[in-house]
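Since the structure comes first, as structure tokens, the remarks are kept for the end.
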Amino acid sequence: MAGKPKREAAEGAPVGRRAMLGMLGAGAAGLAAAPYLQRGWEGFLGAASQFDATGVTGLLPNPGGFRYYSVVGSVPHKDETNYELRVTGLVERSRSYTLDELRAMPQTRVVHDVVCTDGWRVEKTPFDGVKLADILDDAGVRSPGAAVRFTCFDGAYSESLTLEQARRSDVLVALNMQDKPIPHEHGGPVRLYVAPMYFYKSAKWLSGISVTDKVVPGYWEERGYAVDGWLDDADRHGDAA
Numbered sequence: 003m004a005g006k007p008k009r010e011a012a013e014g015a016p017v018g019r020r021a022m023l024g025m026l027g028a029g030a031a032g033l034a035a036a037p038y039l040q041r042g043w044e045g046f047l048g049a050a051s052q053f054d055a056t057g058v059t060g061l062l063p064n065p066g067g068f069r070y071y072s073v074v075g076s077v078p079h080k081d082e083t084n085y086e087l088r089v090t091g092l093v094e095r096s097r098s099y100t101l102d103e104l105r106a107m108p109q110t111r112v113v114h115d116v117v118c119t120d121g122w123r124v125e126k127t128p129f130d131g132v133k134l135a136d137i138l139d140d141a142g143v144r145s146p147g148a149a150v151r152f153t154c155f156d157g158a159y160s161e162s163l164t165l166e167q168a169r170r171s172d173v174l175v176a177l178n179m180q181d182k183p184i185p186h187e188h189g190g191p192v193r194l195y196v197a198p199m200y201f202y203k204s205a206k207w208l209s210g211i212s213v214t215d216k217v218v219p220g221y222w223e224e225r226g227y228a229v230d231g232w233l234d235d236a237d238r239h240g241d242a243a
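With positions in the sequence shown counted from 1, the corresponding number in my numbering is that position plus 2.
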């Protein structure tokens, strides 16, 4: 007598309780580890970009949003022991600021989207620092001063603003970004932050501020970028973004 027919196997083995709990545990561990992995990846990109003259590292994906790019092969590191910001040009009082002196000045916080011409955006990014207007007032702009030129300790990058743009309350000599001191790979210890304009106007590794009688095109403006890099939704005539 023939035995009972065997039950046909279901398509695909059922997921057992233990396997399901394992998958959930792995997912939770992945979520918990994500911030550490993100910081590690950002650190790798930042370190690699310092020795990447090709700019390839700037094309690598970064879930944090920011990209890493330098116009030179490597950039020296600066800190409390050797950083200096020099203010010169058409001013009453040329002077220099150490990092500690900048930190001791009144600080202003600006929260705005960071937008790059390459298409990436990091929303609601907080920057803290000294209003550029306060530094200009401290130096005393004299006639025929009409613009401000910025130079950087990478030895190559430069930027410019009109004096009116430079005096906006959302233009900072920035010391902190995302509530932390600005790291080297993001242009630290001090960078310019021009909230209502594309990010190329916010010069990294800031080392010099010079008042001039006219706008001097910066590094990217000499290569075809707009001298006025306003964001599309910027209030061009207002005092804040």
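Even glycine gets a Cβ: it sits at the ideal position worked out from N, Cα and C.
Spanning the alpha carbons of Arg97 and Lys133 requires a straight line of approximately 16 Å. Scanning its chain for C-beta atoms nearer than 7 Å, with the 5 sequence neighbours on each side dropped, one finds around Lys216 the residues Ala148 and Ala149, in chain order. Shown here, Lys216 sits in coil according to DSSP, grouped into three states, outside any helix or strand.
According to the DSSP assignment, Ala141 belongs to the alpha helix (DSSP H) that extends over Leu134 to Ala141. DSSP places Leu177 in the uninterrupted beta strand (DSSP E) bounded by Val173 to Met179.
Rounded to whole angstroms, the gap between the alpha carbons of Val192 and Thr110 is 14 Å. In chain order, Val117, Cys118, Thr119, Gly231 and Leu233 place their CB closer than 7 Å to the CB of Tyr200, counting only its own chain and leaving out the 5 sequence neighbours on each side. Counting of Cβ neighbours within 10 angstroms places Arg170 among the buried residues, the total reaching 16 or more. Straight across, the Cα-Cα distance linking Val124 with Arg69 is about 10 Å.
When DSSP reads this structure, Thr164 sits in a beta bridge with Ala149. The three-state reading of DSSP puts Arg144 in coil, since its state is none of H, G, I, E or B. DSSP places Leu87 in the strand class (E or B) of the three-state scheme. A direct Cα-to-Cα measurement between Val73 and Leu194 gives close to 16 Å.
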